[in-house]
Amino acid sequence: MARPEMPPGLFRRGLSARERTLLVVAFLVLYSVAFIFIVYQPYTERIGQLRTELAKEREKLEAARSVYHRLRDIEARISELSEEMANLDLLVPGDNRVAHFLYYCWQWERETGARVRNLTFADPVTAGAYQEHEIRFTVHGPYQAQVAFLARLEGMNRLVRVDSVRLLPLEVTKTGSDAAATYAMTDMIVADYRVHLFVDPGKAAQAAQEEPGAGLEFTLPIGRRTPFLP
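Listed below in structure tokens is the structure:
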């Protein structure tokens, strides 16, 4: 049985130059479309996502840097406030610390040559959120000693208010065969002081935890070599 002859066509004859060109162009078009949809488009989308993530991370980094600088400023401010609070604890403590004031007076006596007499502590008076302690005393000594004593009183590490200082010459009464006579010693002065110290009752619990005598530096000898010396 004879096979039917196939009509002459594309598969029986060779491709012409024009057909080959069209075939190559079609292949390139299909390859380009496939490359765009399969490779290029996902790649560009990924690049866009990475750029967005990079921008967000940079924003976070700048925010973290800003917070870091703010933290440094906050820590510096906390340090300053802590120092101020420590100074405030000295200026306005949680108790009256009478022993401290007595010790300071003793130091000032040794440093200036003045002598403290008749020291009296009044009962505390409430003044707003604080307690006010009035101290009255007299100081004997020459003028220079009085000035030095007052300077040390106002320079102490306690919030102190000096209400009044009255300076009078020291009067000495001498007795003899004649009637008693009173003489004014012009080189010696008596100063009457009214001083106020302040206490913060809100710090009472804190003050109770402090070591007794904290803040006092005993740099002077304590006691007397003989009890008969003033």
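Residue numbers (my numbering): 191 to 420. For every residue, glycine included, the Cβ atom is placed at its ideal position computed from N, Cα and C. In this text the structure is predicted, and so the values were computed from the model without any measurement.
Would you mind working out which of the options sits nearest residue i, comparing C-alpha positions?
i, options, result
"C139", "T328, L280, L281", "Since the first residue shown for the chain is 191 and the last is 420, residue 139 is missing from the structure and cannot be characterised."
"D382", "I228, V306, T234, R262", "V306"
"L387", "M378, V380, R351", "R351"
"L343", "V215, G318, A317, F291", "F291"
Take residue i and list the residues in its own chain whose beta-carbon comes closer than 8 Å to its own, dropping the five residues that flank it on each side.
i, result
"A394", "G284, D285"
"Y233", "none"
"P417", "Since pLDDT at P417 reaches only 47, below the 50 mark, its modelled position is unreliable, and no value is offered."
Only counting the same chain, and skipping five residues up and downstream in sequence, which positions put a Cβ closer than 6 Å to that of residue i?
i, result
"T302", "A335, A338, F339"
"R326", "T310, R384"
"L357", "I379, A381"
"A245", "none"
"R241", "none"
Per the DSSP calculation, residue i is bridged to which residue(s)?
i, result
"E322", "V315, F388"
"R305", "H330"
"Y383", "F327, V355"
"T310", "R326"
"S350", "Correcting the residue type first, residue 350 is Val in the shown sequence and not Ser. According to DSSP, V350 bridges with L387."
Hey, residue i and residue j are a contact pair by Cβ (cut 8 Å); roughly how many whole angstroms apart?
i, j, result
"L280", "N347", "5 Å"
"V389", "Q297", "Not quite, the Cβ-Cβ distance comes to about 21 Å (not below 8 Å), so this is no contact."
"G380", "L360", "What sits at residue 380 in the sequence shown is Val, not Gly. V380 to L360, Cβ: 5 Å. Contact."
"A312", "H323", "7 Å"
"A304", "H330", "7 Å"
For residue i, which residues in the same chain have their Cβ closer than 7 Å to its Cβ, ignoring the five residues on either side in sequence?
i, result
"D377", "P332"
"P420", "Interpretation of P420 is limited by its pLDDT of 47, a score under 50 that renders its predicted location unreliable; the figure taken from the coordinates is listed afterwards. Cβ neighbours of P420 beyond the five flanking positions: none."
"E400", "none"
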